[in-house]
Amino acid sequence: MAKPGIRLPGFLREFGIPRLLIAVFLVVLFAVAVATHMDLRGLISDSIVRVGRNGILVLALLPAIQGGIGLNFGLPLGIICGLVGAVISLNAGVHGIAGVGMAAGIGVALAIPVGAGYGWLLNRTRGQEMMVGTYLGFAIVSMMSVFWLLAPFKNPTLVWAIGGRGLRTTLSLGGIYDKVLDRWLTFTVSGVRIPGGTLFVFGALCFLVWLFFRTRMGITIAAARSSTRFARAAGISDERTRVQATVLSTVLAAIGIVVFSQSYGFVQLYTAPLLMAFPAIACILIGGASVTRATIGHVLVGTFLFQSILTVALPVTSQVIQGDISETARLIIQNGMILYALTRIGRT
Amino acid sequence: MTPSAASSAPPALELRSIVKEYEGNRVLKGVSLSVREGEIHALVGENGAGKSTLMNILFGMPVIWETGGYEGEILLGGAPARFHSPAEAMNAGIGMVHQEFMLLPGFRVAENIKLNREPTLPNPASRVLGPKLESLDVPRMRADARRALDQVGLGIDEWIAVAGLPVGHMQFIEIAREVDKANLKVLIFDEPTAVLTETDAEKLLAIMRGLAAKGHAILFITHRLDEVLAVADRITVLRDGEVVGTPDPKTTTVVRIAELMVGRPAGVTAPRRFFAPSTEPVLGVEHLSVDMPGERVEDVTLAVRRGEILGIGGLAGHGKLGIANGIMGLYPGSGRVIFDKAVFPLNEPRLALERGLAFVSEDRRGVGLLPEESIELNIALSALEAHGRFLHPFPIQPLRVVDHRAMRAHALEMIRALDIRTTGPSQQVRRLSGGNQQKVCVARAMTLEPRLLFVSEPTRGIDVGAKQRVLEILSALNRDHDVTLVVTSSELAELRAISDRVAIVYRGRIAAVLPPDAPDADFGLAMAGESAKAA
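Here the protein sequences come in this chain order: H and Z.
FYI, our numbering numbers position 34 of the first sequence as 28, with every residue one higher than the one before it.
Basically our numbering = 1-based index in the second sequence + 56.
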């Protein structure tokens, strides 16, 4: 609630102060870009590419929040499933959209049991999901670093050139499925290139998740989140709904990283997934989600605001002042947002 | 506490033209009242009349200051006071006995009573590092607590944990805590009897009278008007944020006060109805025991006849609430239950709903409602879960999408049928008043189209007008929709008004099943465990 003195019109208050500040900051950045004759179309296009690239990873947080697990700091679990899928498809040498499909398919197949196990663990550590998720993510990422080193992949484009064992830290997708979804259905609006395919996949998954939370199962999950005791009286096992929500979140993370990798052009292994949950969490929080409530709208608004800031801040600031505050701005906004949301727990 | 002595005493607390707005909505429009030492001043009003806001102001609750403060003056012992936090109000001598208990369950009784005011003894660490580190003077704590407990007539050990004690005991511990405060100037009772049984409530009223006689000033907020007449020296009636009357308790009647509260003439009892004879049992319960903390059922054998309204009464803590909770599978139970000639499995809440039972819980906010969700979803949810209603067709059952149009239409029908006062079916349930929330609970149970409906404490904590309405709705449900009802209530008068038979529970067993027009004495005997003639 606004303090007396700062009275905002209703629609702006609804939008929320944090979103307002960031939106204003974004507008200022764009204004500076125009004033310094930068390539505005390029900046907008880059922003949109990054929205498509990161969107599904942000969307992956929604089922966890709706299911009562809170912010899914264990997102790296699903990400690793997707990475295993990507590496297997690369090792088999499958190119193009089929390669992306194979990577995502294997990722989903792995993410279902992994998510179920993770959900089982979260049910045994109720009330500390976010902490458990964070540490589990860290532990699994480290364990998987050993796996990447020892896994029996033989394709010479993937393994270290010297010694011929162990996967490289970064695998280039050039010529395999680099940007296949970005290029598929791509189109241009007044000079701004839009990566249609990636946005289409993101949009379709948003729609499916939206629809899911209007099905019987989705409503059951949300009801169990709202009140455990109510759920039990209605014959709902809230332990089961929490596992279902965790599985869905993990599956989306697996798909999310495959889409991310094809758009980025590289598959990043070893410690890369370690901190990937943090920017995604910042996105959904900037969008207006809380630890207990999130909507597709929060995902879309948040991803756009956060990713645009990151895209635009670097070139604009290096234009105005010597040096790069982009990374600093990212860390301040990202971690500041998470901190802000955590102070809001339990408030309406 | 002779009235003449009370009226000559100086006011311990005086409120002068208190005005409070929430976002442009005036909830208090210049309320004035005073409480003298040795006096019990009753403040009555329907839900939403402004009683809670007035108490929040008096207690310095942060919500008042977050929403722009208040206008008007508070005088405590003749001196102006303005409390910015509950701690300030407490230090100034305002004691509050809350409607919902503010006790630490894991702490002992004496620890709760002396919390933050513990007598202490110096020790080596405290001599160096200051009085915060002094050790507790346990014998004195226990002695103080003992004295306070004796004052409220509670004979329990002061060194046991609060968790697991019966509800009535907790209320008395709260009072003991307030009484123990040395600088107490005004004691506020905020609906203290709402969760008590009739005997506990009577005990509480006697304690209030005793405290007033010792010179304490008491402000008494309640829904129960007969209690007001029994103890109050003065009465202030609040309606829509205004004082609408200060009837003299010596000459006024319950009906007159109720009229002032609701602004229209009101009856307080439902039309009495009698059983159309059918002796066919629809639900047979044999040797049921239910492990519900505080309401344990030991060994209940009971038959519910098709089409009747069976009342279940008894004192709090004797297990009357455990019966419905046990059959519905919310607490672990054992025994043999036959429903519709088939053996009915216990501990399976889902099956209970699927077989055609439904339950309106006594715990409205916890079990009964999803407060954050809309009215329409709250009404539809159980039927959606148990019977798959309000869903579009789709081959995979769990992935069927909700039919919002059907859900909305059904909600509108229920809102009209039950007269739910709301801005619309998408309003959040937590924004409704207690009575309207209860109607939503009943609507959800009706949506399940049950053959047998359990209703527990249907009128607890809701105001006079809504009480009447809820009882009428239940009667109509039974009469017009052929639903067998099992109503559990602490208010015996209510049970006798709507039931065909009333079962009285004592120590987890059925003490007697009586016709509603049986003499008062029979009910009294049954509640005290003296077996009376069965009906």
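The C-beta atom is built at its ideal place from N, Cα and C for all residues, glycine as well.
- Linking residue 573 of chain Z to residue 360 of chain Z through their CA atoms gives a straight-line distance of about 19 Å.
- DSSP, reduced to helix, strand and coil, places residue 167 of chain H outside both helices and strands of the structure shown, so it counts as coil.
- Note: residue 368 of chain Z is bridge-paired with Z:544 and Z:559 in the DSSP secondary-structure output.
- Among the residues facing chain H, residue 441 of chain Z is included, as its CB has a counterpart in that chain under 8 Å away.
- When DSSP assignments are scanned along the segment 434 to 508 of chain Z, the uninterrupted stretches of alpha helix (DSSP H) that are 4 or more residues long and fall wholly within it turn out to be 460 to 474 and 490 to 503.
- A direct Cα-Cα distance of roughly 7 Å separates residue 583 of chain Z from residue 567 of chain Z.
- Secondary structure at residue 410 of chain Z: helix, using DSSP grouped into helix, strand and coil.
- Between the alpha carbons of residue 491 of chain Z and residue 368 of chain Z lies a distance of about 21 Å.
- With its beta carbon less than 8 Å from one in chain Z, residue 229 of chain H belongs to the interface.
- With fewer than 16 other Cβ atoms inside 10 Å of its own Cβ, residue 343 of chain Z counts as exposed.
- For residue 87 of chain H, the closest C-alpha among the options H:207, H:169 and H:181 is that of H:169.
- Taken atom to atom, the span from the alpha-carbon of residue 148 of chain Z to that of residue 240 of chain Z is near 8 Å.
- For the segment 208 to 236 of chain H, the beta-carbon criterion of a distance under 7 Å to any beta-carbon of chain Z is satisfied by 208, 209, 210, 211, 213, 214, 217, 220, 221, 223, 224, 226, 227, 228, 229 and 230.
- For residue 273 of chain H, the secondary structure class from DSSP, reduced to helix, strand or coil, is helix.
- DSSP places residue 147 of chain H in the coil class of the three-state scheme, outside both helix and strand.
- In the three-state reduction of the DSSP assignment, residue 129 of chain H falls in the helix class, which pools H, G and I.
- The three-state reading of DSSP puts residue 78 of chain Z in strand, counting E and B together.
- Leaving aside the five residues that flank residue 273 of chain H on each side, the residues in its chain whose CB is nearer than 6 Å to its CB run, in chain order, 328.
- In this chain, residue 236 of chain Z is not harboured by any beta strand (DSSP E), its DSSP state being neither H nor E.
- The Cβ-Cβ distance between residue 257 of chain H and residue 46 of chain H falls below 8 Å.
- The alpha carbon of residue 56 of chain H has as its nearest neighbour, out of H:16, H:245 and H:259, the alpha carbon of H:245.
- Annotated three-state conformation of residue 379 of chain Z is helix, per DSSP.
- Between the alpha carbons of residue 69 of chain Z and residue 134 of chain Z lies a distance of about 7 Å.
- The straight-line gap separating the alpha-carbon atoms of residue 554 of chain Z and residue 528 of chain Z is approximately 9 Å.
- The contact set of residue 205 of chain H on chain Z, defined by CB atoms closer than 8 Å, consists of 457 in chain order.
- Per DSSP, the beta-bridge partners of residue 183 of chain H are H:186.
- Nearest to residue 288 of chain H by C-alpha distance, out of H:253, H:250, H:207 and H:301, is H:207.
- Proximity of chain H to residue 406 of chain Z at the Cβ level (cut-off 7 Å) is accounted for by 229, in chain order.
- Here residue 151 of chain Z is bridged, per DSSP, to Z:243.
- The beta carbon of residue 184 of chain H is closer than 8 Å to those of 35 in its chain, skipping five residues each way along the sequence.
- The residue from Z:270, Z:271 and Z:247 with its alpha-carbon nearest to that of residue 260 of chain Z is Z:247.
- Per the DSSP secondary-structure output, residue 67 of chain Z pairs in a beta bridge with Z:92.
- Excluding the 5 residues flanking it on each side, residue 232 of chain H has same chain C-beta neighbours closer than 6 Å at 218, 222 and 225, in chain order.
- In the DSSP assignment, residue 343 of chain Z falls outside any alpha helix (DSSP H) and lies within the beta strand (DSSP E) extending over 337 to 346.
- Fully contained in the segment 215 to 274 of chain H are the following beta strand (DSSP E) runs of length 3 or more, in chain order: 260 to 262.
- Per DSSP, the continuous alpha helix (DSSP H) segment holding residue 57 of chain H begins and ends at 55 to 60.
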